[in-house]
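Reading through the structure tokens given below for one structure.
Residue numbers (our numbering), protein chains in the order written: chain A, 2 to 325; chain B, 454 to 811.
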């Protein structure tokens with residue numbers, strides 16, 4: 002009798018969730034997990050803003066990042082920020098982050114710097130992931146003396162404080178008189194890339210070792226799949242999660258370290274709008290014109306924060322052991 | 454335990470050998486004529502031949518590597534091209550500055566980091582916890598050189614004239630005198646190794662003025678140390694705070710904590726004694742690992758705060774293309790790092806007996 006007393010609209014509500022749950026693909030599941038992490042969402046928002054700024058840098062900024070503003074009303078070396086809304090006289094041209102030591106608009110340089118830093122981070126880490134993954138896969142799959150040799154090499158790279166080794170490598174590359182090493186920023190990126198290889202090699206090797214012995218790998222081997230096929234079609238997809246997490250956190254480190262090298266003068270050079278180089282060139286002017294350090298510094302810190310938050314969030318979302 | 458220590462030492466030998474080899478190979482890649490770099494552009498061919506022969510640069514590379522190893526073992530790190538004196542002498546002068554800076558940075562990182570992490574774990578999900586973790590996340594994201602410059606601006610310019618003002622550079626104010634150990638103790642006739650040790654300690658301004666009772670340079674040195682130590686220590690502080698929090702939360706969820714609470718132990722004792730001690734184990738590892746970050750950061754911090762330490766020397770040597778110094782300092786830093794990691798591993802095994810059995 003109770004079934005007949007249920008009003009028709011309530012019956013519909015009961016059916017609702019059953020329908021909504023039907024297709025749960027791996028990717029949709031992952032996205033749902035990631036979006037549930039507060040830090041991942043905060044990181045995504047932050048990075049979204051920075052990527053937008055980088056993409057729209059030409060549209061959003063009034064001047065070219067390398068233009069020296071001469072003859073513009075009120076333009077002078079180290080001019081502090083001038084915002085009309087905040088009471089800066091209308092007779093002056095507006096620059097929200099002030100001008101730098103060469104009369105260039107800091108706002109334009111900071112936004113264009115986002116392009117440089119994002120590219121630097123992604124390219125450097127991609128290089129490290131590709132090389133590191135290869136090394137880790139070969140070491141883990143072949144085992145024996147190859148494994149020993151490669152992993153001891155990684156130990157040696159890890160034994161240096163990262164920035165010290167990167168400085169040494171970058172300087173060595175720059176002093177080699179080869180066309181490949183002509184651009185100091187490229188040398189800095191390569192140095193940071195090499196220094197970050199061991200992390201990915203270790204992650205990949207660990208994954209290979211644990212996955213190699215699983216039944217589905219034995220099955221594909223029995224079916225006659227080649228070693229390369231097993232590595233790329235069976236092992237790599239299963240090792241992606243830790244690589245993605247490490248990679249995201251690695252971009253934060255890479256951005257920071259390339260900026261540090263540029264700050265020391267062995268990365269990006271004048272007139273490239275790179276945050277670390279911008280700060281390094283004006284460090285002695287800090288007390289007269291703090292805006293020259295504060296704005297690129299904040300941009301740098303926020304991008305690093307964005308990648309760190311996203312990486313932490315991804316780790317919490319993708320690591321099943323942490324799902325309490 | 455002894456067996457464990459010996460095995461760890463043996464395992465780190467190949468790594469140290471690898472470091473030496475890598476640094477050797479990279480330095481041999483450096484272009485330029487070592488003879489004319491050392492003796493000047495106008496050295497004649499005959500002089501250069503003699504020079505190359507004397508330094509063994511005409512020998513096969515493997516033999517050169519062996520003699521380089523031999524030099525290292527006897528403590529000969531070469532001679533600076535720019536400063537014209539042995540690298541060992543530069544080390545005695547500059548290393549102590551970095552050691553002192555690293556010590557205070559680590560002190561700041563551990564005290565503040567562990568304190569914040571503990572606080573956050575005890576009041577999980579409270580505004581205090583969220584605030585602490587926001588600080589920690591910001592802390593790992595602000596570059597050392599940005600934080601250093603901003604701190605210097607804040608405390609030396611904005612707060613100038615207030616009691617909170619702090620000096621932005623150097624290790625002592627210009628009027629403050631600091632006597633070296635040998636002078637303070639009237640032992641100027643001591644020479645050789647004991648003298649080198651005394652000079653080494655003398656370059657740690659704060660430590661040496663403390664042990665000789667020179668209070669003016671002691672206090673002034675501390676004042677100059679605050680900003681660089683905070684700038685350098687912030688990233689490790691943030692990492693330690695996060696590690697302490699998560700480790701405390703892990704431990705606080707264990708059965709023996711429930712038992713301690715059930716038998717009526719006050720919360721202060723449960724958290725402070727039962728949980729805290731066990732939660733510190735992973736933190737020790739993090740402290741050890743952050744030493745690499747500290748050594749890296751020292752290059753940036755010292756060049757911002759104009760401290761004459763290893764980091765700044767390394768940077769100046771790079772700019773001056775003083776390859777011998779670059780090579781020696783890179784090598785020393787890396788080996789120091791390996792040794793510190795070894796000590797951390799050993800202390801970890803001492804704290805947690807289960808490690809030894811693996």
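Heads up, the beta-carbon is just placed ideally off N, CA and C, and yes, glycines get one too.
- request: List the endpoints of the continuous alpha helix (DSSP H) containing residue 165 of chain A.
  value: 163-176
message: Suppose contacts are defined by Cβ-Cβ distances below 8 Å. Is residue 112 of chain A in contact with residue 58 of chain A by that definition?
response: yes
query: Roughly how many whole angstroms lie between the Cα atoms of residue 132 of chain A and residue 310 of chain A?
result: 25 Å
message: Can you pull out the residues from the stretch 602-614 of chain B whose beta carbon lies closer than 8 Å to at least one beta carbon of chain A?
response: 602, 603, 605, 606, 609, 610
query: Within the 8 Å Cβ cut-off, does residue 190 of chain A reach chain B?
result: no
- request: Output, in chain order, the set of chain A residues within a Cβ distance shorter than 9 Å of residue 472 of chain B.
  value: 157, 160, 161
- request: Measure from the alpha carbon of residue 597 of chain B to the alpha carbon of each residue in A:259, A:271, A:208, A:63, then state which is nearest.
  value: A:259
task: May I ask you to report which of helix, strand or coil DSSP gives residue 501 of chain B?
output: helix
message: Quick check on residue 548 of chain B: buried or exposed, where buried means 16 or more other Cβ atoms within 10 Å of its Cβ?
response: buried
- request: Give the interface partners of residue 172 of chain A over in chain D, defined as CB-CB distance under 8 Å, in chain order.
  value: Looking at the structure shown, chain D is missing, and the protein chains on hand are A and B.
query: Which same chain residues, not among the five before or five after residue 71 of chain A, have their C-beta less than 7 Å away from its C-beta?
result: 104
- request: Measure the alpha-carbon distance for residue 474 of chain B versus residue 118 of chain A and round it to whole angstroms.
  value: 33 Å
- prompt: residue 569 of chain B to residue 233 of chain A, Cα distance in whole Å?
  reply: 44 Å
- prompt: For residue 173 of chain A versus residue 255 of chain A, is the C-beta distance shorter than 8 Å?
  reply: no
The stretch 131-149 of chain A / the stretch 86-94 of chain A touching (three or more Cβ pairs under 8 Å): Counting Cβ pairs under 8 Å, fewer than three are found: no touch.
task: Using a Cβ-Cβ cut-off of less than 7 Å, give me the residues of the stretch 582-600 of chain B that come near chain A, in sequence order.
output: 590, 591, 593, 594, 595, 596, 598, 599
message: By alpha-carbon positions, which one of A:296, A:219, A:154, A:288 ends up nearest to residue 200 of chain A?
response: A:154
query: Looking only at C-alpha atoms, which of B:501, B:651, B:571 sits nearest to residue 422 of chain B?
result: Only positions 454 to 811 of chain B appear in the structure, and residue 422 of chain B is not among them; the question remains open.
query: If you measure beta-carbon to beta-carbon, which residues of the stretch 36-57 of chain A are closer than 7 Å to chain B?
result: none
query: residue 497 of chain B to residue 767 of chain B, Cα distance in whole Å?
result: 31 Å
- prompt: Using Cβ-Cβ distances below 9 Å, what residues of the stretch 287-320 of chain A are close to chain B?
  reply: 287, 288, 291, 294, 295, 297, 298, 299, 301, 302, 303, 304, 305, 306, 307, 308, 309, 310, 313
message: Against chain A, does residue 801 of chain B count as a neighbour if the rule is that its beta carbon must be under 8 Å from one of theirs?
response: no
query: Under 8 Å, do residue 579 of chain B and residue 760 of chain B count as touching if we go by C-beta distance?
result: no
message: Taking the alpha-carbon of residue 731 of chain B as reference, which of B:699, B:780, B:717 has the nearest alpha-carbon?
response: B:699
Under the three-state DSSP convention, the category residue 182 of chain A falls into: helix
- prompt: Would residue 246 of chain A pass as a contact of residue 298 of chain A if the rule is Cβ separation under 8 Å?
  reply: no
task: Name the residue from A:241, A:227, A:187, A:192 whose alpha carbon lies nearest to the alpha carbon of residue 204 of chain A.
output: A:241
message: Quick check on the burial criterion: 16 or more other C-beta atoms within 10 angstroms. Buried or exposed for residue 190 of chain A?
response: buried
field: Min CB distance residue 165 of chain A to chain B below 8 Å
entry: yes
message: Just checking: is the beta-carbon of residue 245 of chain A within a distance shorter than 8 Å of some beta-carbon in chain B?
response: Cβ-Cβ to chain B under 8 Å: no for residue 245 of chain A.
query: Three or more C-beta pairs closer than 8 Å, one from the stretch 550-558 of chain B and one from the stretch 674-684 of chain B: is that the case here?
result: Under the three-pair Cβ rule at 8 Å, the stretch 550-558 of chain B counts as touching the stretch 674-684 of chain B.
- request: Could you name the residues of the same chain whose beta carbon sits closer than 6 Å to that of residue 620 of chain B, not counting the 5 residues immediately before and after it, in chain order?
  value: If we look at residue 620 of chain B and ignore the five residues flanking it on each side, its Cβ neighbours are 677.
- prompt: From the beta carbon of residue 753 of chain B, is the nearest beta carbon of chain A less than 8 Å away?
  reply: Residue 753 of chain B belongs to the set of residues whose beta carbon lies under 8 Å from a beta carbon in chain A.
- prompt: Is there contact between the stretch 215-234 of chain A and the stretch 722-742 of chain B, where contact requires at least three CB pairs shorter than 8 Å?
  reply: no
- prompt: What number of angstroms, rounded off, separates the C-alpha of residue 66 of chain A from the C-alpha of residue 54 of chain A?
  reply: 14 Å
query: How many Å lie between residue 409 of chain B and residue 657 of chain B at the Cα?
result: Residue 409 of chain B is absent from the model: chain B starts at 454 and stops at 811.
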